[in-house]
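**Student:** Structure incoming, see below.
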């Protein structure tokens, strides 16, 4: 478990080695699929949302353009085939610590706000996923406020 956490942090901050394929046990695929889900609640993945998703995944997971596109395609397929959030959230609960799960929620909020509007469906999904990831409601609300204000909650020194 500690090795997985160490690998996650190294990949997130220093651009460690990444596989060219994203398998079902890859926390990045789980996070990306949740991001795709909230981005597509109101329609298909728009060009604006796809660009935002590409930027977030590329920068947060230190991927190159080809790997990022591959991750997005895999995430779209995973979201389409998913019955519920559990397959993604249970993987994230097993592989990420509290801070890692908080970062996933922050990235999801960034996707929700990509089109400039938050629907009640998006808000509801964020509440349900946040509960499944054991991110306290107070923290989810704070992350939402920071993203809405245009601040990067992952740059916040908490």
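Residue numbers (the working numbering): 6 to 163. Every residue, glycine too, gets a C-beta built ideally from N, C-alpha and C.
Might you give, ordered along the chain, the residues of its own chain that have their beta carbon closer than 6 Å to the beta carbon of residue 93, omitting 5 neighbours on each side?
**Tutor:** By one-based count along the chain shown, residue 93 stands at place 88. Within the same chain, residue 93 has close Cβ partners 35, 38 and 39.
**Student:** Who are the Cβ neighbours of residue 110 in its own chain at under 8 Å, not counting the five residues just before and after it?
**Tutor:** Locating residue 110 in the chain shown gives position 105, where the first residue counts as 1. Excluding residues within five positions, the ones whose Cβ falls inside 8 Å are 131, 134, 135, 138, 140, 144, 145 and 148.
**Student:** By the DSSP assignment, the alpha helix (DSSP H) with residue 100 in it spans what residues?
**Tutor:** By one-based count along the chain shown, residue 100 stands at place 95. Residue 100 -> alpha helix (DSSP H) spans 91–100.
**Student:** Taking C-beta to C-beta, are residue 59 and residue 73 nearer than 8 Å?
**Tutor:** Working through the chain shown from its first residue, we reach residue 59 at position 54. Working through the chain shown from its first residue, we reach residue 73 at position 68. A contact, by the Cβ cut-off of 8 Å.
**Student:** What is the DSSP secondary structure of residue 160, counted as helix, strand or coil?
**Tutor:** Reading the chain shown from its first residue, position 155 is the one you call residue 160. Three-state DSSP puts residue 160 in coil, outside helix and strand.
**Student:** Are the CB atoms of residue 41 and residue 88 within a distance shorter than 8 Å?
**Tutor:** Locating residue 88 in the chain shown gives position 83, where the first residue counts as 1. Locating residue 41 in the chain shown gives position 36, where the first residue counts as 1. Not closer than 8 Å, so no.
**Student:** Which word fits residue 71, buried or exposed, when buried means at least 16 other C-beta atoms lie within 10 angstroms of its C-beta?
**Tutor:** As a first step, residue 71 must be located in the chain shown, where it is residue number 66. Classification for residue 71: exposed.
**Student:** Measuring CA to CA, which of 31, 114 and 124 is closest to residue 79?
**Tutor:** Locating residue 79 in the chain shown gives position 74, counting from the first residue. For the residues 31, 114 and 124, the minimum Cα distance to residue 79 belongs to 31.
**Student:** Of the residues 129, 49 and 125, which one's Cα is nearest the Cα of residue 84?
**Tutor:** Reading the chain shown from its first residue, position 79 is the one you call residue 84. Out of 129, 49 and 125, 49 has the C-alpha closest to the C-alpha of residue 84.
**Student:** So residue 107 and residue 97 are in contact, right, with Cβ under 8 Å, and what is the actual spacing, rounded?
**Tutor:** Residue mapping note: residue 107 aligns to position 102 of the chain shown, counting from 1. Residue mapping note: residue 97 aligns to position 92 of the chain shown, counting from 1. Not a contact, Cβ separation roughly 11 Å.
**Student:** Please tell me whether residue 54 and residue 116 are closer than 8 Å, where the distance is taken between their beta carbons.
**Tutor:** As a first step, residue 54 is located in the chain shown; it is residue number 49 there, counting from the start. As a first step, residue 116 is located in the chain shown; it is residue number 111 there, counting from the start. A contact, by the Cβ cut-off of 8 Å.
**Student:** Which residue wins for smallest C-alpha separation from residue 62, given the options 112, 52, 91 and 28?
**Tutor:** Here the question's residue 62 lines up with position 57 in the chain shown. Taking only the C-alpha atoms, the option nearest residue 62 is 112.
**Student:** Can you check which of these residues, 28, 27, 118 and 127, is closest to residue 56 by C-alpha distance?
**Tutor:** Taking the chain shown and counting its residues from 1, one reaches residue 56 at position 51. That would be 118, whose Cα lies nearest to the Cα of residue 56.
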